[in-house]
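Line by line, the protein sequences give chains A and B.
Oh and the first sequence: position 125 is 179 in the numbering used here, straight run, nothing missing.
Oh and the second sequence: position 170 is 171 in the numbering used here, straight run, nothing missing.
For every residue, glycine included, the Cβ atom is placed at its ideal position computed from N, Cα and C.
The next block holds one structure in the form of structure tokens; read it before the comments.
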Amino acid sequence: MSVISGQSPGQGPGELGEGFDAGFESEGQLPPGVGPWKLAWRRLRRNRVAMFFGFVFLLIVVVCLLAPVYSTDIAHIGPNYGNPTGTFTLNGKTQFVLSQIGIPIGPTWDIHHYFLGADDQGRDVAVRLLYGGRTSLMIGAVATLITMIIGTLLGVFAGYFRGWWDAILRSANDVVWTYPAVLLGITIGTVLNIHGIGPLHGTNALVPAVVIGFVYVPYVFRPVRGQVLTLRERDFVDAARQQGLSHWRIMTSEILPNLSSTIVVFVPLIMANSILLEAGLTYLGAGVQPPNASWGTMISDGINNDIPTAFHNVLIPGLMLVIAVMSINIFGDGLRDALDPRSKIRVAR
Amino acid sequence: MLRFVVRRMLVMVALLIVISMFTFAMFVLLLPNGNPAALLAGRLATPAEIHLISVRYGFDKPIYIQYIDTMKNIFTGQAYSYQSSFNVLDEIRAGMPATLSLAIGAGLIWLLVSILFGTIAAVRAGKYADRVLTVLSMIGVSMPPFFFGAILIYYVAYKANIIPIGGYVPFSQSVGGWFGHLVAPWITLSILFIGFYSRVLRSSILDSINEDYVRTARAKGLSERQVLIRHSLRNSLIPIISLWGLDFAQVIGGGAILTETVYNLHGVGELARDSIGRLDTITLMEIVILTGIAVVVIGAIVDVLVAYLDPRIRLA
Numbered sequence: 055m056s057v058i059s060g061q062s063p064g065q066g067p068g069e070l071g072e073g074f075d076a077g078f079e080s081e082g083q084l085p086p087g088v089g090p091w092k093l094a095w096r097r098l099r100r101n102r103v104a105m106f107f108g109f110v111f112l113l114i115v116v117v118c119l120l121a122p123v124y125s126t127d128i129a130h131i132g133p134n135y136g137n138p139t140g141t142f143t144l145n146g147k148t149q150f151v152l153s154q155i156g157i158p159i160g161p162t163w164d165i166h167h168y169f170l171g172a173d174d175q176g177r178d179v180a181v182r183l184l185y186g187g188r189t190s191l192m193i194g195a196v197a198t199l200i201t202m203i204i205g206t207l208l209g210v211f212a213g214y215f216r217g218w219w220d221a222i223l224r225s226a227n228d229v230v231w232t233y234p235a236v237l238l239g240i241t242i243g244t245v246l247n248i249h250g251i252g253p254l255h256g257t258n259a260l261v262p263a264v265v266i267g268f269v270y271v272p273y274v275f276r277p278v279r280g281q282v283l284t285l286r287e288r289d290f291v292d293a294a295r296q297q298g299l300s301h302w303r304i305m306t307s308e309i310l311p312n313l314s315s316t317i318v319v320f321v322p323l324i325m326a327n328s329i330l331l332e333a334g335l336t337y338l339g340a341g342v343q344p345p346n347a348s349w350g351t352m353i354s355d356g357i358n359n360d361i362p363t364a365f366h367n368v369l370i371p372g373l374m375l376v377i378a379v380m381s382i383n384i385f386g387d388g389l390r391d392a393l394d395p396r397s398k399i400r401v402a403r
Numbered sequence: 002m003l004r005f006v007v008r009r010m011l012v013m014v015a016l017l018i019v020i021s022m023f024t025f026a027m028f029v030l031l032l033p034n035g036n037p038a039a040l041l042a043g044r045l046a047t048p049a050e051i052h053l054i055s056v057r058y059g060f061d062k063p064i065y066i067q068y069i070d071t072m073k074n075i076f077t078g079q080a081y082s083y084q085s086s087f088n089v090l091d092e093i094r095a096g097m098p099a100t101l102s103l104a105i106g107a108g109l110i111w112l113l114v115s116i117l118f119g120t121i122a123a124v125r126a127g128k129y130a131d132r133v134l135t136v137l138s139m140i141g142v143s144m145p146p147f148f149f150g151a152i153l154i155y156y157v158a159y160k161a162n163i164i165p166i167g168g169y170v171p172f173s174q175s176v177g178g179w180f181g182h183l184v185a186p187w188i189t190l191s192i193l194f195i196g197f198y199s200r201v202l203r204s205s206i207l208d209s210i211n212e213d214y215v216r217t218a219r220a221k222g223l224s225e226r227q228v229l230i231r232h233s234l235r236n237s238l239i240p241i242i243s244l245w246g247l248d249f250a251q252v253i254g255g256g257a258i259l260t261e262t263v264y265n266l267h268g269v270g271e272l273a274r275d276s277i278g279r280l281d282t283i284t285l286m287e288i289v290i291l292t293g294i295a296v297v298v299i300g301a302i303v304d305v306l307v308a309y310l311d312p313r314i315r316l317a
């Protein structure tokens, strides 16, 4: 990509070059417009590290979605199938899934038999890792969706109308904010597990998703509200009001589009934290319930049963979780840099 | 200044009341089989006995009177758990030394280390040191504390035998034992915050470099070091200290549940987890109110500190 030399200070590298790239020979003609999203995408694409980790995350998602294929066609064992007294043949030798004193076998690195070892009930760790990934990622995605929708709606509402509604919504959010996230999560999670609201009870994996989605609402509400407070004073909002547009139209077609980059930046951040919180709640017994597999249940089973005898049961799901969350975080960082050109200047300073 | 602090305190006290109501409502109204009278009476109780107990403990009264009575008991230290019939205040007091030791040690570590890391990363922005610190902080914010705790317990405690395997030894009993048992929890809890704080500090220092007051400081001939420490850093510390106040207060109120659980510290956080498991409303409410008080008090201290750092807040 060509970069016009002699940029004015304060312009990000390549910033000017992109917009003015093609067809700017004729004098007096405005350069062809490049939308902010397209510019952001170009900047993101050039960030090799962010793209790499974005790809890693995509890979994890695809592999986890293929869990049934691995389970039925390659490993021939289900995620919840315990086989504590079983044996299998590895390189012509007979191996026990659990040794005589009950220690599960470690990784065999044989794709057909206990590739990543067994857990203390003789279940295949590799199969459970993939199925667990589906659960964890699903919870992360649903929780993020809930947080983003509720946080944005309330934030726009409070910031636009101000007054009493704003005061009530703000203090409600402060209550949730003051409560430590994990404590609030296990409180609501326990109540829902026992009592339940509609389909949300017992071992349904949607319970932790809804709980986590609720816990993180203030993290989106606060910045959105703050931004709406300044946006509503801008001239284009005044102009819309002068034209007689309804409040609803102003909120959806004037204010919301201006919030889009903020919202997009928050998605990976909330998703990473949701997946982490799922693991935490599950470790404390208020998240995903056994025998369902999730990365959280696998780590906590490993911590409770396999230290120090079979540490691979902690290490494998733990590393998988850290890699997935880190990929989202690094990609999210790149996304923020791409959408907010000022941060690009910071790094290249 | 005083008015500023008082107003802030009043808001927080109102917040505290709402938080306690929220907790009470969640457990008392939502739980159908959480009837405390039935729990107290035992499994073989007749309906008449259950009725007697609910009259004696006031469970037959309207819900708002029950709430007020519960709050009265909590603040006079007369609250007893319906499940274990222990005095709740005594139970919290028993867990407090471990939680306070964890909070103070880890709080100091994560504040100081993140200021150091954040400043280094900002000064060396884009260079090698910055990249290493960025990678480290990315790992830090992506690491669940109980997973990192399990790694330390397995490799450092079981394999290398350097630290003990979980538990808590009181300071009065053995200073060395106290320190040895707490090193790993301190590190585990700190890593989470260091990753986040150092990135916030880094970007806020880099933002401040474009500010007018930094240009003025340079123009009057201060050295880069003085500009950094007395102008850039001083202003950039404000968001860090506000963040630290809330997080530190939550850890004191038992917010570090995951770290306390994985290391078996028997602190307030573990008590909170156990009381939720037992549906022990009274204990949980008292812990939540304790968290609220910690947030109010430390929040006020932090506000004063921030106002000291930034005259714009003090004089507004």
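- Under DSSP, phenylalanine 150 of chain A forms a beta bridge with A:Thr141.
- Exposed is the label assigned to alanine 293 of chain A, since fewer than 16 other Cβ atoms lie within 10 Å of its Cβ.
- Taking 7 Å as the upper bound on Cβ-Cβ separation, chain A lies near residues Leu16, Val19, Ile20, Phe23 and Met27 of the stretch 7-27 of chain B.
- Comparing C-alpha distances from serine 143 of chain B to each of B:Phe197, B:Glu212, B:Ile163 and B:Val252 shows the shortest one belongs to B:Phe197.
- In this structure, DSSP gives proline 158 of chain A an extended state, which the three-state scheme calls strand.
- Residue contact with chain A for phenylalanine 194 of chain B: absent (no Cβ-Cβ distance below 8 Å to any residue of chain A).
- The stretch 88-105 of chain A and the stretch 377-397 of chain A touch, with three or more beta-carbon pairs separated by less than 8 Å.
- Taking a cut-off of 8 Å on C-beta distances, the stretch 268-278 of chain A touches the stretch 200-217 of chain A, as three or more cross pairs fall below it.
- By the Cβ-count criterion, arginine 274 of chain B is buried, with 16 or more other Cβ atoms from all chains shown falling within 10 Å of its own Cβ.
- Contact between methionine 325 of chain A and alanine 129 of chain A does not hold, since their C-beta atoms are separated by about 29 Å, which reaches or exceeds 8 Å.
- Proximity of the stretch 145-152 of chain A to the stretch 180-192 of chain A falls short of the contact definition, fewer than three beta-carbon pairs being nearer than 8 Å.
- Within chain B, the residues Pro145 have their CB atoms less than 7 Å from the CB of alanine 333 of chain A, given in chain order.
- With respect to the C-alpha of leucine 190 of chain B, the residue from B:Met72, B:Ala257, B:Ala158 and B:Ser173 having the closest C-alpha is B:Ala257.
- The way I'd put it, the stretch 231-246 of chain B does touch the stretch 204-223 of chain B; three or more beta-carbon pairs between them come closer than 8 Å.
- The shortest CA-to-CA distance from phenylalanine 365 of chain A to any of A:Asn145, A:Lys147 and A:Ile159 is the one to A:Ile159.
- Interface criterion met: the Cβ of serine 225 of chain A is under 8 Å from a Cβ in chain B.
- Alanine 121 of chain A sits away from tyrosine 168 of chain A, with the two beta carbons spaced by 8 Å or more.
- Put simply, of B:Pro186, B:Phe172 and B:Arg125 the residue whose alpha carbon is nearest the alpha carbon of leucine 153 of chain B is B:Pro186.
- For threonine 292 of chain B, the chain A residues whose C-beta falls within less than 9 Å of its own C-beta are Thr232, Tyr233, Pro234 and Leu237, listed in chain order.
- Here DSSP, grouped into helix, strand and coil, assigns asparagine 88 of chain B to strand.
- One alpha carbon belongs to leucine 98 of chain A, the other to glycine 168 of chain B, and they sit about 47 Å apart.
- Chain B has a Cβ within less than 8 Å of the Cβ of valine 376 of chain A.
- Rounded to whole angstroms, the Cβ separation of serine 115 of chain B and serine 204 of chain B is 13 Å, and the two are not in contact under 8 Å.
- DSSP places alanine 226 of chain A in the uninterrupted alpha helix (DSSP H) bounded by 217-232.
- Annotation for serine 354 of chain A: Thr336 and Tyr337 place their beta carbon closer than 7 Å to its own, counting only its chain and skipping 5 residues before and after.
- The three-state secondary structure of isoleucine 377 of chain A, taken from DSSP, is helix.
- Shown in chain order are the members of the stretch 340-374 of chain A whose Cβ falls below 8 Å from a Cβ of chain B: Ala340, Ile353, Ser354, Gly356, Ile357, Ile361, Pro362, Phe365, Val368, Leu369 and Gly372.
- Straight-line measurement puts the Cα of alanine 95 of chain B at about 27 Å from the Cα of proline 145 of chain B.
- Distance from the CA of alanine 42 of chain B to the CA of valine 56 of chain B, rounded to the nearest whole angstrom, comes to 12 Å.
- With respect to the C-alpha of leucine 330 of chain A, the residue from B:Leu3, B:Gly141, B:Leu202 and B:Gln227 having the closest C-alpha is B:Gly141.
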